[in-house]
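Student: Below is a structure I'd like to ask you about.
The following block contains the structure:
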């Protein structure tokens, strides 16, 4: 018997639910610790016709589900629990997140219903508004890369500081961290799209951080990026 499906937009905190959603992004498995405990985690961003939500998968469940879940596919996720979003793992505007449980079940959806679910969704903010956004808030941004230096090692971290420009001629620094800094293969004049960048204040200046939780794309084939390219080439 098929589970009763709840749209993402009406999930209730601390309720066990089932949703049908597309995986728009999957992170790598990443270590976590909070002082006296540690483990591993990966995140997936899920989307249906009603909205988006991030799912958190911890510890032993990482090995159980990581290979099964593929970005771009639609699944029915049964026995997942909605909870208030944890700021440390917040990459979407949704005030809730989903937690995988020991009895969570995932089934690939090959029905026609999957065709009704979008591939992904962006809520782009103008770069001029970044300075007004609360520290730590996740945002989606798009811009032309105007500076793309090599990565550097600082203390125990790896960072690459690139600069984004938008059609209002606003510039914002985007900090790529760790593997994202090393693996970035974009260049000056590329269109950069980031979903789930995090606003951070440093030396009285608001910047953007793209960590392991962020989806960074270079010249993606989406209308906003195509429009950004046309503006830049015709200015």
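Numbering (the working numbering), first residue to last: 452 to 686.
Glycine included, C-beta positions come from ideal geometry on N, C-alpha and C.
Assuming residue 522 contacts residue 499 under a Cβ cut-off of 8 Å, what Cβ separation, rounded to an integer in Å, is found between them?
Tutor: Going by Cβ atoms, the distance from residue 522 to residue 499 rounds to 15 Å, so no, they are not a contact pair.
Student: From residue 628 to residue 483, what does the alpha carbon distance come to, in whole angstroms?
Tutor: So the alpha carbons of these two residues sit roughly 16 Å apart.
Student: Using C-beta distances below 6 Å, list every residue in its chain close to residue 461, excluding the 5 sequence neighbours before and after it, in chain order.
Tutor: No residues qualify anywhere along the chain.
Student: For residue 512, report the span of its beta strand (DSSP E) as first-last.
Tutor: No beta strand (DSSP E) contains residue 512, which is instead part of the alpha helix (DSSP H) from 511-516.
Student: Residue 517 and residue 559 - do their beta-carbons sit closer together than 8 Å?
Tutor: Result no, Cβ atoms of residue 559 and residue 517 do not sit closer than 8 Å.
Student: Counting Cβ pairs closer than 8 Å, one from the region 574-585 and one from the region 551-565, do we hit at least three?
Tutor: As far as the Cβ criterion goes, the region 574-585 does not touch the region 551-565, which means the pair count is below three.
Student: How would you call residue 465, buried or exposed, if buried means at least 16 neighbouring beta carbons within 10 angstroms?
Tutor: Classification for residue 465: exposed.
Student: Once you ignore the five residues that flank residue 510 on each side, which residues in its own chain have a CB closer than 7 Å to its CB?
Tutor: Closer than 7 Å at Cβ, skipping near neighbours: 490 and 491.
Student: Can you tell me whether DSSP reads residue 684 as helix, strand or coil?
Tutor: In this structure, residue 684 counts as helix in the three-state DSSP scheme.
Student: Measuring straight from C-alpha to C-alpha, what distance separates residue 455 and residue 664?
Tutor: Between residue 455 and residue 664, the C-alpha separation is close to 30 Å.
Student: Which residues mark the beginning and the end of the beta strand (DSSP E) in which residue 632 is found?
Tutor: Where residue 632 is concerned, there is no enclosing beta strand (DSSP E), although the alpha helix (DSSP H) it sits in stretches over 630-634.
Student: By how many angstroms is the C-alpha of residue 643 removed from the C-alpha of residue 594?
Tutor: Each residue's Cα considered, the two are about 6 Å apart.
Student: Would you report the Cα separation of residue 477 and residue 610, rounded to the nearest angstrom?
Tutor: C-alpha separation (whole angstroms): 22 Å.
Student: Among the candidates 481, 608 and 600, whose CA atom is the shortest distance from the CA of residue 624?
Tutor: When only C-alpha atoms are compared, the closest one is 600.
Student: Can you look up residue 486 in the DSSP assignment and give me helix, strand or coil?
Tutor: If DSSP states are grouped into helix, strand and coil, residue 486 belongs with coil.
Student: Quick test of your reading: residue 504 and residue 566, contact by CB under 8 Å. State the CB separation rounded to the nearest angstrom.
Tutor: Rounded, the Cβ-Cβ distance is 21 Å, inconsistent with contact.
Student: Identify, in the order they occur along the chain, each residue of the same chain with its Cβ nearer than 6 Å to the Cβ of residue 680, setting aside the five sequence neighbours on each side.
Tutor: Contacts found: 642.
Student: Excluding the five sequence neighbours on either side, which residues of its own chain have a C-beta within less than 8 Å of the C-beta of residue 458, listed in chain order?
Tutor: Closer than 8 Å at the Cβ level, and outside the excluded window around residue 458, lie 470, 499, 500, 501 and 502.
Student: Rounded to whole angstroms, what is the Cα-Cα separation between residue 670 and residue 677?
Tutor: When rounded, the distance between both Cα atoms is 8 Å.
Student: Do residue 626 and residue 612 have their CB atoms nearer than 8 Å?
Tutor: In this structure, residue 612 lies closer than 8 Å to residue 626 by Cβ.
Student: So the beta strand (DSSP E) residue 604 belongs to, where does it begin and stop?
Tutor: Residue 604 -> beta strand (DSSP E) spans 603-605.
Student: If I measure Cβ to Cβ from residue 537 and keep anything under 8 Å in the same chain, skipping five residues before and after, which residues do I get?
Tutor: Cβ neighbours of residue 537 beyond the five flanking positions: 507 and 548.
Student: Answer yes or no: do residue 667 and residue 659 have a C-beta to C-beta separation smaller than 8 Å?
Tutor: The answer is no: Cβ separation not under 8 Å.
Student: Who are residue 524's beta bridge partners in DSSP?
Tutor: None, per the DSSP bridge assignment.
Student: Per DSSP, what kind of secondary structure is residue 597 in: helix, strand or coil?
Tutor: The answer is strand: DSSP assigns residue 597 an E or B state.
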